[in-house]
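Keeping their order, the protein sequence lines are chains A and B. Once you know that position 115 of the first sequence is 115 in the working numbering, the rest is easy, because the numbers rise by one and skip nothing. Once you know that position 42 of the second sequence is 283 in the working numbering, the rest is easy, because the numbers rise by one and skip nothing. I have placed the structure first, in the form of structure tokens, so that the comments after it can refer back to it.
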Amino acid sequence: ILGGRTSRPGRWPWQCSLQSEPSGHICGCVLIAKKWVLTVAHCFEGRENAAVWKVVLGINNLDHPSVFMQTRFVKTIILHPRYSRAVVDYDISIVELSEDISETGYVRPVCLPNPEQWLEPDTYCYITGWGHMGNKMPFKLQEGEVRIISLEHCQSYFDMKTITTRMICAGYESGTVDSCMGDSGGPLVCEKPGGRWTLFGLTSWGSVCFSKVLGPGVYSNVSYFVEWIKRQIYIQTFLLN
Amino acid sequence: CLYNPCLDSCGGSSLCDPNNSLNNCSQCEPITLELCMNLPYNSTSYPNYFGHRTQKEASISWESSLFPALVQTNCYKYLMFFSCTILVPKCDVNTGEHIPPCRALCEHSKERCESVLGIVGLQWPEDTDCSQFPEENSDNQTCLMPDEYVEECSPSHFKCRSGQCVLASRRCDGQADCDDDSDEENCGCKERDLWECPSNKQCLKHTVICDGFPDCPDYMDEKNCSFCQDDELECANHACVSRDLWCDGEADCSDSSDEWDCVTLSINVNSSSFLMVHRAATEHHVCADGWQEILSQLACKQMGLGEPSVTKLIQEQEKEPRWLTLHSNWESLNGTTLHELLVNGQSCESRSKISLLCTKQDCGRRPAARMNKR
Numbered sequence: 001i002l003g004g005r006t007s008r009p010g011r012w013p014w015q016c017s018l019q020s021e022p023s024g025h026i027c028g029c030v031l032i033a034k035k036w037v038l039t040v041a042h043c044f045e046g047r048e049n050a051a052v053w054k055v056v057l058g059i060n061n062l063d064h065p066s067v068f069m070q071t072r073f074v075k076t077i078i079l080h081p082r083y084s085r086a087v088v089d090y091d092i093s094i095v096e097l098s099e100d101i102s103e104t105g106y107v108r109p110v111c112l113p114n115p116e117q118w119l120e121p122d123t124y125c126y127i128t129g130w131g132h133m134g135n136k137m138p139f140k141l142q143e144g145e146v147r148i149i150s151l152e153h154c155q156s157y158f159d160m161k162t163i164t165t166r167m168i169c170a171g172y173e174s175g176t177v178d179s180c181m182g183d184s185g186g187p188l189v190c191e192k193p194g195g196r197w198t199l200f201g202l203t204s205w206g207s208v209c210f211s212k213v214l215g216p217g218v219y220s221n222v223s224y225f226v227e228w229i230k231r232q233i234y235i236q237t238f239l240l241n
Numbered sequence: 242c243l244y245n246p247c248l249d250s251c252g253g254s255s256l257c258d259p260n261n262s263l264n265n266c267s268q269c270e271p272i273t274l275e276l277c278m279n280l281p282y283n284s285t286s287y288p289n290y291f292g293h294r295t296q297k298e299a300s301i302s303w304e305s306s307l308f309p310a311l312v313q314t315n316c317y318k319y320l321m322f323f324s325c326t327i328l329v330p331k332c333d334v335n336t337g338e339h340i341p342p343c344r345a346l347c348e349h350s351k352e353r354c355e356s357v358l359g360i361v362g363l364q365w366p367e368d369t370d371c372s373q374f375p376e377e378n379s380d381n382q383t384c385l386m387p388d389e390y391v392e393e394c395s396p397s398h399f400k401c402r403s404g405q406c407v408l409a410s411r412r413c414d415g416q417a418d419c420d421d422d423s424d425e426e427n428c429g430c431k432e433r434d435l436w437e438c439p440s441n442k443q444c445l446k447h448t449v450i451c452d453g454f455p456d457c458p459d460y461m462d463e464k465n466c467s468f469c470q471d472d473e474l475e476c477a478n479h480a481c482v483s484r485d486l487w488c489d490g491e492a493d494c495s496d497s498s499d500e501w502d503c504v505t506l507s508i509n510v511n512s513s514s515f516l517m518v519h520r521a522a523t524e525h526h527v528c529a530d531g532w533q534e535i536l537s538q539l540a541c542k543q544m545g546l547g548e549p550s551v552t553k554l555i556q557e558q559e560k561e562p563r564w565l566t567l568h569s570n571w572e573s574l575n576g577t578t579l580h581e582l583l584v585n586g587q588s589c590e591s592r593s594k595i596s597l598l599c600t601k602q603d604c605g606r607r608p609a610a611r612m613n614k615r
């Protein structure tokens, strides 16, 4: 996260780290149910084999595992069948964990939006991740507040790519607060009345975040995919397993 | 010709069956080379003037790439017509012989376009020596000249307003290729060979129509995709499956959509929620005979809800309700869904149905985050 701040342990209990040896942390991910996390499809490019991945939850400092940490292997990876590597559209995937997580204050699922629940421009939400900070990679989870930008406005920043309804744009023209390499698959969450946090986006792509070409970040629009997500989980749980 | 000797005979052999007339041995064939489908004639014979033995060979030849590219330079109005008269020569149906282009047509084409090829270091094809073609009306030989109705562009070209031909794939590609920019005018979905959503005029590729993923806001791209019989229902991927197989515990649609949304809660006026199963496209009550709490748990889980908070058995008031009852040995079936444990056509002894409340799974809270006192 560029322009963010270090997050306190337990503040984002749905944030997880998708890891593969020997690199360790590759992408962010988001816990949505005891056995299911969401991330983006591009994290699995060239590494679609579930056996090479693990998911680490309840962690704040990647370098210092805590007693609250839970690790699960990956049982199944479901990539969106329409994921397009060329235009980074339909950039979403569902990951089935090897076993249920045990819900604690540090490991909890986020809420999913309703399919018709779309974010209004100028809403303020949060992004989190262990991605690049512009000058270094952090050990501790970073958080940043971003503003939602309309798709029309967002398109004006990206003349070579099409912004589709599967995407959400958030950030600032100056790029002061933005997601960056290593944040992919992590959450864009907004607080709803009652203090509940809902997952509206997954960090997907943007300009080279620490170059001089600035602009907002682009996130996969979770509201668009909610029906597909629920359907896949149902099929996997009740019809295939 | 019905057999090989006759094929030889058409070339002058004496082996031909006398009953097989020469007319039946015509070498003319319909033109299939897409490039030349706009010609004022529709039959050809091979080999052509380039020595290609078949239309397939012609279609992958260097010449069939060269001429369409050259046509785009607008060097000569009738270049496409000329190139087709030698790629797919007109066949005389009576004699089976070629009708060649007139020498003047060949010479005009060469005069105007040879220099254009020279600019890019290419040579005019050697096989197009114009002296081999007859002069117009000479020696009683017929030859081909374009008339005013000749289509200047091939079907794979777009004709600009100026008359220039540009490749059809360049139409509406965001870059002007016609000298008058007319290839970028009126670029609706149809012109770009795309499908248009009726509600918002959004253009879609034909491959995403009826593919099970809605793309138009009103789902119009996923409507009218199948024509199921009255006793069938449409799967999410638009296949048709018999109603009787819906929610029977076995996936019959290839995308398993006949087994989705089979278990629901129906809420009535008293805010009681009754367990319903959508078997064979009809709503059924679930009979309480032999019911156990583990089944309530399965039902709640299947609906994506949390643990069951209340399960009640309610006497049915309806005279002839539709019942599904528990399979006599449901415990040994190892079923993953509730509806596959239920059977139709058996009486419900207790005449009681299941009323169920499930908790909602908790989400979005962060109890470990403490307040920061100032």
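Glycine included, each C-beta is placed from N, C-alpha and C at the ideal position.
For P9/A, I'd like the list of residues in its chain whose CB is within less than 6 Å of its CB, leaving aside the five on either flank, ordered along the chain. N60
Taking only runs of the alpha helix (DSSP H) that begin and end inside the segment 77 to 109 of chain A, which ones reach a length of at least 4 residues, in chain order? none
Less than 8 Å between C-beta atoms, sequence neighbours within five positions excluded: which residues of the same chain meet that for E524/B? Excluding sequence neighbours, E524/B sits near S507, M517, V518, R563.
For S324/B, I'd like the list of residues in its chain whose CB is within less than 7 Å of its CB, leaving aside the five on either flank, ordered along the chain. F308
Give a yes or no on whether the C-beta atoms belonging to D421/B and C401/B are separated by under 8 Å. yes
Would you say C371/B and E377/B are within 8 Å of each other, going by their C-beta atoms? no
Considering only the alpha carbon of each residue, which of F468/B, N441/B, N465/B lies closest to C457/B? Nearest option by C-alpha distance: N441/B.
Using a Cβ-Cβ cut-off of 8 Å, state whether T600/B counts as contacting chain A. T600/B does not count as touching chain A.
If distances are taken between C-alpha atoms only, which option among G547/B, E559/B, S596/B, L539/B comes closest to E572/B? L539/B
How should D388/B be labelled, buried or exposed, when 16 other C-beta atoms within 10 angstroms of its C-beta is the threshold for buried? It is exposed - the Cβ of D388/B has fewer than 16 other Cβ atoms within 10 Å.
Just to confirm before moving on: does the CB-CB distance between G129/A and T203/A stay below 8 Å? yes
Same chain, Cβ closer than 7 Å to S537/B, five either side skipped, listed in chain order: P549, T552, L597
Any chain A beta carbon closer than 8 Å to R402/B: no
When the Cα of D333/B is compared with those of S302/B, F322/B, Y287/B, which residue comes out closest? Y287/B
Spatial neighbours of A409/B within its chain, please: C-beta separation below 7 Å, excluding the five flanking residues on both sides. S397, H398, F399
Collapsed DSSP secondary structure at I360/B in the structure displayed: helix
Quick one: using the 10 Å Cβ neighbour count with 16 as the cut-off for buried, is S84/A buried or exposed? exposed
In the DSSP assignment, find the beta strand (DSSP E) that holds P187/A and state where it starts and stops. 187 to 192
If you draw a straight line from the alpha carbon of S503/B to that of P216/A, how long is it in whole angstroms? One detail in the question is off: residue 503/B reads as Cys in this sequence, not Ser. Cα-Cα distance, rounded: 42 Å.
From the DSSP output, in three-state form, read off I327/B for me. helix
Can you tell me where the alpha helix (DSSP H) holding L151/A begins and where it ends? Note, L151/A: alpha helix (DSSP H), 151 to 155.
Return the residues of the segment 325 to 355 of chain B that lie within a Cβ-Cβ distance of less than 8 Å from chain A, sorted by chain order. none
How big is the Cα-Cα spacing for V208/A and L188/A? 19 Å
Can you tell which of T285/B, I555/B, E437/B has the C-alpha that lies nearest to the C-alpha of T336/B? T285/B
Separation of D418/B from A345/B, as counted between CA atoms: 30 Å
For the putative contact between W14/A and P109/A, defined by C-beta atoms under 8 Å, what is the C-beta separation to the nearest angstrom? 6 Å
So that I know if they touch, is there some Cβ in chain A lying closer than 8 Å to that of W436/B? no
Top-ranked residue by Cα proximity to C43/A, from K34/A, P138/A, L151/A, C29/A: C29/A
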